[in-house]
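Numbering (this note's numbering), first residue to last: 126 to 380. The structure appears right after this line, and notes come after that.
Put into structure tokens, the structure is as follows:
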């Protein structure tokens with residue numbers, strides 16, 4: 126009887142642990158959704174589907190007027206997409222065409238917040254390992270389908286900000302159907318016109334690695350400094366004083 130009671134308690138504890146882990150994974154989906162809508166960032170990412178790959182640059186910022194985004198392809202046919210809240214303008218220079226449309230209200234990953242509560246009905250949502258993507262530590266979140274009616278998903282979210290840095294769609298054999306991943310990412314400070322980007326990476330001991338200091342290329346000011354064995358690079362089309370102020374304000378997180 127006592128053994129049965131102990132086994133029952135162990136089983137109940139395991140159930141509670143499983144529920145807690147599932148809820149924690151769902152909270153990461155909520156965090157990814159919030160970060161996608163509210164953070165200022167810029168970066169370069171690679172999109173792949175089948176044998177086709179595409180390299181693009183994205184800049185996203187938020188101000189009192191709402192969300193603004195610029196997406197431009199870096200290879201293949203030139204294309205640029207500008208988004209101001211729900212209005213989208215697509216520029217096709219080769220065809221001399223401008224297309225104006227409305228953005229979908231269910232844009233990924235911003236739509237994850239509204240779907241997170243029901244995802245558990247269709248997927249086993251769980252946390253995976255912490256791995257590095259684009260020089261950042263990320264939390265893996267796995268969505269494993271409960272049936273054969275849908276594909277699986279794998280997400281990698283920045284530990285510090287929650288921003289989605291990599292995503293994969295996989296079939297039942299684990300083969301990648303499509304994926305995207307940032308190769309460069311930086312948080313951006315902006316007033317809608319002037320931009321300041323902050324890059325943080327482990328300090329390199331290799332010859333030719335960038336040296337700390339201040340420099341300028343045209344209107345772009347650049348400052349590099351070492352903080353806790355990391356190279357902090359701040360750059361933007363602003364006066365040197367602004368770059369210095371931001372760079373000198375970067376400090377390691379206190380534990």
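Just so it is clear, CB atoms sit at the ideal spot from N, CA and C, and this is done for glycine as well. Every value quoted in this text rests on a predicted model; they were computed, and no experiment measured them.
Length of the line joining the Cα atoms of residue i and residue j
i: residue 218; j: residue 311; result: 28 Å
i: residue 294; j: residue 253; result: 15 Å
i: residue 276; j: residue 297; result: 7 Å
i: residue 319; j: residue 208; result: 18 Å
i: residue 340; j: residue 249; result: 50 Å
i: residue 356; j: residue 246; result: 44 Å
i: residue 418; j: residue 374; result: Lying outside 126 to 380, the shown extent of the chain, residue 418 is not represented and no answer is given.
i: residue 231; j: residue 369; result: Annotation note: pLDDT 48 at residue 231 (below 50); position unreliable, no value reported.
i: residue 335; j: residue 182; result: 23 Å
i: residue 283; j: residue 342; result: 30 Å
i: residue 146; j: residue 299; result: Since pLDDT at residue 146 reaches only 43, below the 50 mark, its modelled position is unreliable, and the value read off the structure follows with that caveat. Straight-line Cα distance between these residues: approximately 22 Å.
i: residue 365; j: residue 347; result: 8 Å
i: residue 378; j: residue 272; result: 43 Å
i: residue 170; j: residue 194; result: 14 Å
i: residue 258; j: residue 212; result: 31 Å
i: residue 255; j: residue 214; result: 37 Å
i: residue 314; j: residue 288; result: 16 Å
i: residue 184; j: residue 279; result: 23 Å
The beta strand (DSSP E) enclosing residue i, as first and last residue numbers
i: residue 339; result: 338-342
i: residue 206; result: 205-209
i: residue 350; result: 345-352
i: residue 165; result: Run containing residue 165: none; DSSP gives neither H nor E here.
i: residue 249; result: 248-258
i: residue 271; result: Looking at the DSSP string, residue 271 is not in any beta strand (DSSP E), and its letter there is neither H nor E.
i: residue 295; result: 289-295
i: residue 200; result: No beta strand (DSSP E) holds residue 200; DSSP gives it neither H nor E.
i: residue 326; result: 320-327
i: residue 359; result: 355-361
i: residue 187; result: 177-188
i: residue 214; result: 212-217
Residue i, enclosing alpha helix (DSSP H) - first and last residue
i: residue 365; result: 365-373
Given residue i as reference, the closest of the options once Cα atoms are compared
i: residue 152; options: 290, 188, 203 and 251; result: 251
i: residue 202; options: 194, 378, 177 and 324; result: 177
i: residue 244; options: 358, 193, 267 and 374; result: 267
i: residue 156; options: 281, 168 and 379; result: 281
i: residue 210; options: 336, 287, 163 and 174; result: 163
i: residue 189; options: 198, 195, 197 and 165; result: 165
i: residue 362; options: 284, 344 and 195; result: 344
i: residue 307; options: 328, 214 and 292; result: 292
i: residue 327; options: 279, 347 and 354; result: 354
i: residue 174; options: 304, 371 and 216; result: 304
i: residue 160; options: 187, 194 and 286; result: 286
i: residue 367; options: 150, 172 and 323; result: 323
Nearest-angstrom Cβ-Cβ length linking residue i and residue j, presumed shorter than 8 Å
i: residue 263; j: residue 290; result: 6 Å
i: residue 321; j: residue 359; result: 6 Å
i: residue 191; j: residue 309; result: So it is not a contact: roughly 26 Å between Cβ atoms.
i: residue 180; j: residue 199; result: 4 Å
Residue i: CB within 7 Å of a non-hydrogen atom of the ligand FAD
i: residue 177; result: You won't find the ligand FAD in this model; it holds no ligand whatsoever.
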